[in-house]
Amino acid sequence: MALHISKATSSIVVLLASLLLPLLIVSARTPSKSDADLLEFPLNLEYLEAEFFLFGSLGHGLDVVAPNLTEGGPPPIGAKLAKLGPLVKDVIFQFALQEVGHLRAIKSTVKGFPRPLLDLSSESFAKVMDSAFGRPLHPPFDPYANEINYLIASYVIPYVGLTGYVGANPLLQNSTSKKLVAGLLGVESGQDAVIRALLYERKALQVVPYKVSVAEFTNRISALRNRLGKDGVKDEGLVVPKELGAEGKVKGNILAGDKYSLAYPRTPKEILRIVYGGGDEHVPGGFYPRGARGRIASSYLHAIQPI
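Note that the sequence shown covers residues -28 to -1, 1 to 279 in mature numbering (1 follows the signal peptide of the UniProt record, and there is no 0).
What follows is the structure, given as structure tokens:
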């Protein structure tokens, strides 16, 4: 039997298509609420990286370079110019501007939030290193004192954001969100690779005055992040047992990865445990003395009410 569609029915179909198509296009381009939360959360790390790299290379931060991006958030505590050679200073300055771009990219997609209070003081980094070694270092570690110290301090930061993007990607709902995270992940991974390569070249160098190699510093920092994250091994230093290297055949570990050499994922909860420095997503501290911002981070801060 032949199927006959009336002109009236055809007109209705065309009308519905004309009404729904724009909605579908907008839906594909506009992040859902859950996507917006996942895209906002990394702003905490992007602010941290932007300020650390800007101050390290220029001696000033977002308040001078891009004050509109701070949205009135407080200036970072203790950040300052680092003593860097020409090559590393150039690299860090490029990283700094890339982080400014990341802030713009995220804020052009979701509302975002003002810069959180960041503690980038020498004392803050010294606490990280003391925790990594399980004892106070003498003198206290100063990330701004010289190039090696600054590179080791830089090892602390971008990789955490990298794992967060890997963890967020499969949870995103629309193509706009996925495209943004893929772009952010690509550059963050590149930054981490450059930092690791610069440190790998110096892996046997003894860090003055601690008489500890660069490789041992990275191994200790990675072990600390694994302990704080509380979800197994998702972090590896520059030199590992051969069975943990690529294909189980090499000790050199210029890039961290699982048994298939794929990047490790982390959840916001794990990231907060690490950047707060205490292994508890409910208790602010470390680089975020007042806690991170955004709905996800705030939900953990509000989960435990004072007695």
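Ideal Cβ placement from N, Cα and C applies to all residues, glycine included.
Rounded C-alpha distance that separates L(-14) from D230 = Its pLDDT being 45, under 50, L(-14) is placed unreliably by the model, and the measurement read from it follows with that caveat. Their backbone Cα atoms lie some 52 Å apart in a straight line.
Going by beta carbon distance, what residues of the same chain come within less than 8 Å of T81, once the five residues before and after it are set aside?
-> So the qualifying residues of the chain are P3, L11, T148, S149 and L152.
For L157, collect the residues of the same chain with a Cβ closer than 6 Å to its Cβ; drop the 5 residues on either side in sequence, then sort them by chain order.
-> Same-chain partners within the cutoff: Y137.
Residue(s) in a DSSP beta bridge with D91 | D91 is bridged to I49.
Neighbour-count burial assignment, G28, 16 or more Cβ in a 10 Å radius | Its Cβ being crowded by 16 or more others within 10 Å, G28 is buried.
What does a CB cutoff of less than 8 Å around N198 pick up in its chain, not counting 5 residues either side in sequence?
-> Once the five neighbours on either side are set aside, the close Cβ partners of N198 are G204, V205, K206 and D207.
Within this structure, are the beta carbons of G266 and N16 separated by less than 8 Å?
-> Taking 8 Å as the cut-off, the Cβ atoms of G266 and N16 count as close.
Going straight from the alpha carbon of F25 to that of F67, what length do you get?
-> Their backbone Cα atoms lie some 7 Å apart in a straight line.
When DSSP labels each residue in this structure, what does Y248 get in the three-state scheme?
-> DSSP places Y248 outside both helix and strand once states are collapsed to three, so it counts as coil.
Let me know if K83 comes out buried or exposed under the rule of 16 or more other beta-carbons within 10 Å of its beta-carbon.
-> Burial call: exposed.
So, is A22 buried or exposed, given that buried needs 16 or more other C-beta atoms within 10 angstroms?
-> With 16 or more Cβ atoms within 10 Å of its Cβ, A22 is classed as buried.
Check S271 in the structure and name its three-state DSSP category.
-> It is helical.
Pair within 8 Å by beta-carbon distance, K55 and E119 | Between K55 and E119, the C-beta gap is smaller than 8 Å, which places the two residues in contact.
Mark D91 as exposed unless 16 or more other C-beta atoms lie within 10 angstroms of its C-beta, in which case mark it buried.
-> A residue is called buried when at least 16 other Cβ atoms come within 10 angstroms of its Cβ; D91 meets this threshold and is buried.
Would the segment 207 to 216 and the segment 252 to 264 be scored as touching if the rule is three or more Cβ pairs under 8 Å?
-> Counting C-beta pairs closer than 8 Å gives fewer than three between the segment 207 to 216 and the segment 252 to 264, which falls short of the contact rule.
Quick one: residues in its chain with C-beta nearer than 6 Å to the C-beta of R87, no 5 flanking neighbours on either side, listed in chain order?
-> Closer than 6 Å at the Cβ level, and outside the excluded window around R87, lie Y19, T42 and G45.
CB Y127 to CB L171, shorter than 8 Å?
-> Closer than 8 Å, so yes.
Is the segment 58 to 77 close to the segment 236 to 249, with three or more CB pairs under 8 Å?
-> The segment 58 to 77 vs the segment 236 to 249: no contact.
Under a Cβ-count criterion, where at least 16 other Cβ atoms within 10 Å of its own Cβ denotes burial, should A169 be classed as buried or exposed?
-> Counting Cβ neighbours within 10 Å, A169 comes out exposed, since fewer than 16 surround it.
Coil, strand or helix - P108 by DSSP = The three-state reading of DSSP puts P108 in coil, since its state is none of H, G, I, E or B.
Measure how close the beta-carbons of K223 and K214 come, nearest whole angstrom, since I'm counting them as under 8 Å.
-> Confirmed, Cβ separation roughly 5 Å.
DSSP three-state assignment for V132, whether helix, strand or coil = Note: V132 maps to helix in three-state DSSP.
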